[in-house]
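Please read the structure below before turning to the comments.
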Amino acid sequence: MTNTPIYAVKTDRMDITVDLGSSVVFIQQKWKYNWKTSPKVTAWSYVEKKEFHNKADKLLWSGWSNRYTLKVSGSSNIAKKYNRKELQVNFDIKWVLNSEHWTVQVKKIETGKFNTSSVNWTSRLINLDTEDLKVVTRTKNKKAYKQYPISHEFGHAIGNTSHIKGMHSDEYKTTSSFNIDLQSRMNIGDTLRRRHIDYIITELNKMIPNTVFSIHQLL
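First residue of the sequence shown: 1289, per our numbering; consecutive thereafter.
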């Protein structure tokens, strides 16, 4: 029986596993939560915490996983053997109590209220609130764009940040090269673009010598 190679790397902000036998690239982030409340709401119950994490996990899986396929090329034996395979890219968040990639501060706020969410790449801190699991509609130039805020913030946590040379951050900013792409998930819409996993591709291309990963399809 032939062993199919599995390659894995642990980074400060995510773990990446390449399972060539299963044709899967798996990216997992470990989230350690700090549960906050605004003045007019009740304290978090364990059930509410569990519901928040489970819904966040499902939203990110459905919004980011099985959307990209990759191909490998290059002069390595691995690249030559698996160059016909299409690899699915899957994303996952895991609730942990220690050894986290990210500290995630989640504020419980009143329904319909707004709180600014953000990702600090340098300090590995994500700020979210309970409204981030709901679709937000924004209007620009008389056209409506829908987006799950948590999905946008997750995009920052997988490398869409100005703190890495050559990467992209918030595309709605006037300084962004992609400012007019309003449908983009890193702008005010919810559509994925190939560039949204540029950082993932960069990390993958460090893993196996003489093996190059590239996007085959965006589904």
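Note that beta-carbon positions come from the ideal geometry of N, C-alpha and C, so glycine has one too.
Kindly indicate the opening and closing residues of the alpha helix (DSSP H) around residue 1371.
Along the sequence shown, read from residue 1 onward, the residue named residue 1371 stands at position 83. Here residue 1371 belongs to no alpha helix (DSSP H), and DSSP marks it neither H nor E.
I'd like the ranges of any beta strand (DSSP E) spanning at least 3 consecutive residues and lying wholly in the segment 1300-1333.
Listed in chain order, the complete beta strand (DSSP E) runs (minimum 3 residues) inside the segment 1300-1333 are 1303-1307 and 1312-1325.
Please report the straight-line C-alpha distance between residue 1506 and residue 1330, rounded to a whole angstrom.
In the sequence shown, counting from the first residue as 1, residue 1506 sits at position 218. In the sequence shown, counting from the first residue as 1, residue 1330 sits at position 42. A direct Cα-to-Cα measurement between residue 1506 and residue 1330 gives close to 42 Å.
Terminal residues of the alpha helix (DSSP H) in which residue 1356 lies:
Numbered from 1 along the sequence shown, position 68 holds the residue referred to as residue 1356. Residue 1356: not part of any alpha helix (DSSP H); member of the beta strand (DSSP E) spanning 1356-1361, first to last residue.
To the nearest angstrom, report how far apart residue 1338 and residue 1498 are at their CA atoms.
Looking up residue 1338 in the sequence shown gives position 50. Looking up residue 1498 in the sequence shown gives position 210. Approximately 43 Å, taken between the alpha carbons.
Under 9 Å, do residue 1421 and residue 1480 count as touching if we go by C-beta distance?
On the sequence shown, residue 1421 is found 133 positions in, with the first residue counted as 1. On the sequence shown, residue 1480 is found 192 positions in, with the first residue counted as 1. Not a contact, by the Cβ cut-off of 9 Å.
On the criterion of 16 or more Cβ atoms from any shown chain inside 10 Å, does residue 1491 qualify as buried, or is it exposed?
The sequence position of residue 1491 within the sequence shown is 203, counting from 1. Residue 1491 should be labelled buried.
Could you give the residue range of the beta strand (DSSP E) that holds residue 1417?
Along the sequence shown, read from residue 1 onward, the residue named residue 1417 stands at position 129. Residue 1417 -> beta strand (DSSP E) spans 1413-1417.
Out of 1312, 1390 and 1349, point me to the one whose CA is closest to residue 1360's CA.
Position 72 of the sequence shown, counting from 1, holds the residue named residue 1360. The shortest Cα separation from residue 1360 among 1312, 1390 and 1349 belongs to 1312.
Proximal residues to residue 1351 (C-beta, below 7 Å), its chain only, five neighbours per side dropped
Taking the first residue of the sequence shown as 1, we reach residue 1351 at position 63. Scanning its chain for C-beta atoms nearer than 7 Å, with the 5 sequence neighbours on each side dropped, one finds around residue 1351 the residues 1436 and 1439, in chain order.
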